[in-house]
């Protein structure tokens, strides 16, 4: 059981450099420390200028996503001792522009998220006097795993298609659209179809499958996308052969 | 930041990292993906091979026999052996992917993924048996 | 309200081709590519081949296998070049070459099978 480990931390200070540089720091490695603990140790005791995002430290807020030894990970959910003897390379999340050190801008995703209308769309709102929507456990199971998305962006970091073409709408946005499409309280799948069926919607995906592999909440965005490919393809056939709708 | 401060007075230069053309060599998972996609080349080769064979059959018994001789030449055999391996890889990866795309419901309940997968393998076995029977029965 | 472009149709052809090629090609390849040439099994006679290919059901199956597998190759190959080698600027040329080749190949398959008495 080793008690110290080397962290190679990416730094990017736009006011003084034009590219990422790496700094090495020796941090304690107790059995229960995660990468985030190591980063906090550096910030608290060694170099207070290190910048990174974190919040809940328990895998639910989605803030602390970074690239650890080449893989996108939640740093609050990744144990330092798993990387013994080290060194552990911590870089900003791939496929997003780096603002500073380990902080990336996810504004692109935020815009795409709004476009898929991730809320319950009703033709006519049910009045309060009529009471709650009733939903059986089976109906909940249809979309429950898609609702677990914490917007951590690990899937976008893992997706080579998004890395090559940032116009691709991306795994999480499609999974969240499906979360509402499969919710039997929702009536908005037609609204979402225009956005999802674009060339850079689901059709950008070539089913690499890395998004599902790296997802910390087991959302299975790849499955959501493939299911929607089938839905959209059948809908296209229908609109072609039955143009006025059946 | 107070009052009517305009944030874009100083906007830090964001670092946009370029993805290498060899991105698919950086991770084993990406390379396995490209291998899977490459199986389509061997699918196309086998279609060409089938068309050559059908053409030989149309040409008569002699051309058919000459085709069979040619199919035994070393480079054709090697190519077909490699194609066979890639074809197996294609079949397995395609069947593994199928349950993720095909979520079928029987009544209210979704069919379990393992059942969809098993169905594909059974169909594969049945189709293969049919091919053997059609071509080798006396 | 669905966006109009050829991707859905091409994807369905790709999927159909993928299923057919996965189901039928491994055994066909094992037989015609290895077993018959190497003599593990006796190759079917010319008469047998004419009989099999002349059968309407078998003929249609072989045509479907060839045509759909070619579209499977075209779609997958185009996407791999587009993403893998990042030659996006040649997208129209690539589409023409790949799907065009698939159309030509399918026509060739139809022509050859039609020749079987």
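Chains as they are written, first to last, in the working numbering: chain V, 1 to 246; chain H, 247 to 384; chain X, 385 to 501. Using N, Cα and C, we set each Cβ at its ideal position, and we do this for glycine too.
Worksheet item: Which chain X residues are close to residue 164 of chain V, counting only those with a beta carbon under 7 Å from its beta carbon?
Response: By Cβ distance, chain X contributes 467, 470.
Worksheet item: Is the region 225-233 of chain V close to the region 163-180 of chain V, with three or more CB pairs under 8 Å?
Response: Output reads yes: the region 163-180 of chain V touches the region 225-233 of chain V.
Fill in: chain X contact residues for residue 153 of chain V, given Cβ-Cβ distances below 9 Å
Taking a Cβ-Cβ threshold of 9 Å, none of the residues of chain X is close to residue 153 of chain V; the smallest such distance is about 20 Å.
Worksheet item: Taking residue 155 of chain V as the reference, which of V:28, V:118, V:112, V:95 has the closest Cα?
Response: Here the closest residue by C-alpha is V:95.
Worksheet item: What does residue 26 of chain V pair with, by DSSP beta-bridge criteria?
Response: Answer by DSSP bridge pairing, in chain order: V:6.
Practice prompt. Could you list which residues in chain V have their beta carbon closer than 8 Å to that of residue 395 of chain X, in chain order?
Written response: Result: 203, 229, 233.
Worksheet item: Which chain X residues are close to residue 160 of chain V, counting only those with a beta carbon under 8 Å from its beta carbon?
Response: Simply 467.
Discussion item. Tell me which residues share the same chain as residue 332 of chain H and place their Cβ nearer than 6 Å to its Cβ, disregarding the 5 neighbours each side in the sequence.
Written reply: Closer than 6 Å at Cβ, skipping near neighbours: 285, 288.
Discussion item. I want to verify the contact list: residues of chain H whose CB lies under 8 Å from the CB of residue 410 of chain X, in sequence order.
Written reply: Here the neighbours are 330, 333, 334, 337, 370, 374.
Discussion item. Give me, in chain order, the residues of the same chain whose beta-carbon lies closer than 7 Å to that of residue 446 of chain X; leave out the 5 immediate sequence neighbours on both sides.
Written reply: Around residue 446 of chain X: 437, 497.
Worksheet item: For the region 104-115 of chain V, which residues have a CB atom closer than 8 Å to at least one CB atom of chain H, in sequence order?
Response: Residues of the region 104-115 of chain V that bring their beta carbon within less than 8 Å of a beta carbon in chain H comprise 105, in sequence order.
Worksheet entry | Backbone secondary structure at residue 66 of chain V - three-state DSSP | Residue 66 of chain V carries a strand assignment under DSSP once its states are collapsed to helix, strand and coil.
Discussion item. Could you tell me the alpha carbon to alpha carbon distance between residue 300 of chain H and residue 416 of chain X, rounded to whole angstroms?
Written reply: Linking residue 300 of chain H to residue 416 of chain X through their CA atoms gives a straight-line distance of about 12 Å.
Fill in: Beta-carbon neighbours of residue 240 of chain H, restricted to chain X and to distances below 8 Å
Any property of residue 240 of chain H remains undetermined from this structure, which presents chain H solely from 247 to 384.
Worksheet item: If the cut is a Cβ gap below 8 Å, which residues of chain X does residue 327 of chain H touch?
Response: Per Cβ cutoff of 8 Å: 417, 418.
Worksheet item: Straight-line CA distance for residue 211 of chain V to residue 158 of chain V?
Response: Going from the Cα of residue 211 of chain V to the Cα of residue 158 of chain V covers about 6 Å.
Worksheet item: At a cut of 8 Å, does the region 64-75 of chain V reach the region 88-107 of chain V through at least three beta carbon pairs?
Response: Because the criterion of three Cβ pairs below 8 Å is met, the region 64-75 of chain V and the region 88-107 of chain V touch.
Practice prompt. Return helix, strand or coil for residue 167 of chain V, following the three-state DSSP convention.
Written response: Three-state result, residue 167 of chain V: coil.
Item to complete: For the beta strand (DSSP E) holding residue 74 of chain V, just list the boundary residues, first then last.
Response: Counting along the chain, the beta strand (DSSP E) containing residue 74 of chain V begins and ends at 71-74.
Practice prompt. On the DSSP bridge assignment, give the partners of residue 354 of chain H in chain order.
Written response: Within the DSSP bridge table, the entry for residue 354 of chain H names no partner.
Worksheet item: Would you call the region 125-134 of chain V and the region 189-207 of chain V in contact, with 3 or more CB pairs under 8 Å?
Response: The region 189-207 of chain V and the region 125-134 of chain V do not touch, with fewer than three beta-carbon pairs separated by less than 8 Å.
Discussion item. My output table needs one value for residue 248 of chain V: the three-state DSSP class, helix, strand or coil.
Written reply: Since the first residue of chain V shown is 1 and the last is 246, residue 248 of chain V is not available in this structure.
Discussion item. Beta carbons nearer than 8 Å to chain X: which residues of the region 172-201 of chain V have them?
Written reply: Answer in chain order: 190, 191, 193, 194, 197, 198, 199, 201.
Fill in: the region 425-440 of chain X in contact with the region 351-370 of chain H per 3-pair CB rule at 8 Å
No, because fewer than three Cβ pairs between the region 425-440 of chain X and the region 351-370 of chain H fall closer than 8 Å, the two stretches do not touch.
Item to complete: Count the other C-beta atoms from every protein chain shown that fall within 10 angstroms of the C-beta of residue 267 of chain H, then say buried if there are 16 or more, exposed otherwise.
Response: Exposed.
Worksheet item: Per DSSP, what kind of secondary structure is residue 455 of chain X in: helix, strand or coil?
Response: Residue 455 of chain X: helix per DSSP, three-state reduction.
Worksheet item: Count the other CB atoms within 10 Å of the CB of residue 409 of chain X; is the residue buried (16 or more) or exposed (fewer)?
Response: Here residue 409 of chain X is buried: its Cβ has 16 or more other Cβ atoms, across all protein chains shown, within 10 Å.
Fill in: Pairwise C-alpha distance: residue 297 of chain H and residue 368 of chain H
Computed Cα separation, rounded: 28 Å.
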